[in-house]
Amino acid sequence: ILHGISIFNAYFGTLKGAGNDALSFHLRAVEWAADGSWEFVLSHQLYSQILGALYRLTSPGLFLAQELSILAYSLTCIFLHRLIRLNGVLKHRFGILLLYSILPGMLLVCSITLREPFQILFLMMVGLYGSLLIQRYKHLLFFKFLLANIAVAVSHKALMVYIVFLLLSILI
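Read the sequence shown against my numbering and you will find it ends at 442, with the numbers running on by one and no gaps.
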């Protein structure tokens, strides 16, 4: 389904939600790939630069960016499955994954050029590594947890505030 939505948005038209934001990320990435220099920025500009770096390695393409979003979504499903297994609800894994996958927002947002699939991926990583950290403290787990928190924080300014409170709650 996601690939079908991605193909439609890339070659035939745009569905609701695949308009201005997705196109502006793509256009900024194309611009940056052509003549941009790397700057340390946060939020939406960082996503455009990362996408632009991919465009420099390959070639600019809206379909490529959408497939990258689908890859992030697929990785999120893997992390969700690991979280399900960790919390001992394996008998409900099919239903949980199905509900997660068929949400209209997931179908539309995770198949277009937006940073949301990556934000969801990083939040899922925070949940998994946080749960593992609570169950068994290891330095490597704390490092992975911290990296996932940093990835969430740099992806969106509002999530930066969330991560500060999350880290404070764990440290206290």
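Cβ coordinates follow ideal geometry from the N, Cα and C atoms, glycine included.
Once you ignore the five residues that flank residue i on each side, which residues in its own chain have a CB closer than 8 Å to its CB?
| i | result |
| --- | --- |
| residue 322 | 298, 299, 300, 301, 302, 303 and 306 |
| residue 326 | 303 |
| residue 424 | 312, 313, 316 and 430 |
| residue 405 | 356 |
Under the three-state reduction of DSSP, which class applies to residue i: helix, strand or coil?
| i | result |
| --- | --- |
| residue 375 | helix |
| residue 357 | coil |
| residue 330 | coil |
| residue 380 | coil |
| residue 278 | helix |
Please name the residue, chosen from the options, that lies closest to residue i on a Cα-to-Cα basis.
| i | options | result |
| --- | --- | --- |
| residue 384 | 278, 313, 363 and 408 | 313 |
| residue 349 | 403, 336, 367 and 361 | 367 |
| residue 278 | 347, 417 and 333 | 333 |
| residue 293 | 309, 400, 318 and 311 | 318 |
| residue 428 | 386, 347, 338 and 401 | 386 |
| residue 433 | 295, 392, 388 and 274 | 392 |
| residue 421 | 390, 435, 408 and 280 | 390 |
Once you ignore the five residues that flank residue i on each side, which residues in its own chain have a CB closer than 6 Å to its CB?
| i | result |
| --- | --- |
| residue 276 | 336 and 381 |
| residue 338 | none |
| residue 414 | 399 |
Would you kindly work out how many angstroms separate the C-alpha atoms of residue i and residue j, rounded to a whole number?
| i | j | result |
| --- | --- | --- |
| residue 362 | residue 351 | 10 Å |
| residue 356 | residue 438 | 24 Å |
| residue 412 | residue 282 | 45 Å |
| residue 394 | residue 418 | 9 Å |
| residue 340 | residue 374 | 15 Å |
| residue 330 | residue 320 | 12 Å |
| residue 291 | residue 343 | 18 Å |
| residue 360 | residue 354 | 6 Å |
| residue 369 | residue 378 | 15 Å |
| residue 347 | residue 401 | 16 Å |
| residue 296 | residue 324 | 11 Å |
| residue 416 | residue 358 | 24 Å |
| residue 403 | residue 272 | 33 Å |
| residue 364 | residue 371 | 10 Å |
| residue 274 | residue 388 | 20 Å |
How would you write the range of the alpha helix (DSSP H) that residue i sits in, first residue to last?
| i | result |
| --- | --- |
| residue 312 | Segment: none, residue 312 is in no alpha helix (DSSP H) and carries neither H nor E. |
| residue 414 | 409-425 |
| residue 306 | First-last for residue 306: undefined, no H or E at that position. |
| residue 403 | 386-405 |
Near residue i, which residues of its chain fall below 7 Å by C-beta distance, leaving aside the five closest residues on each side in sequence?
| i | result |
| --- | --- |
| residue 397 | 353 |
| residue 308 | 319 |
Could you tell me whether any non-hydrogen atom of the ligand ADP is closer than 7 Å to the CB of residue i?
| i | result |
| --- | --- |
| residue 274 | By its list of ligands, the structure shown contains no ligand whatsoever, and the ligand ADP lies outside what it can speak to. |
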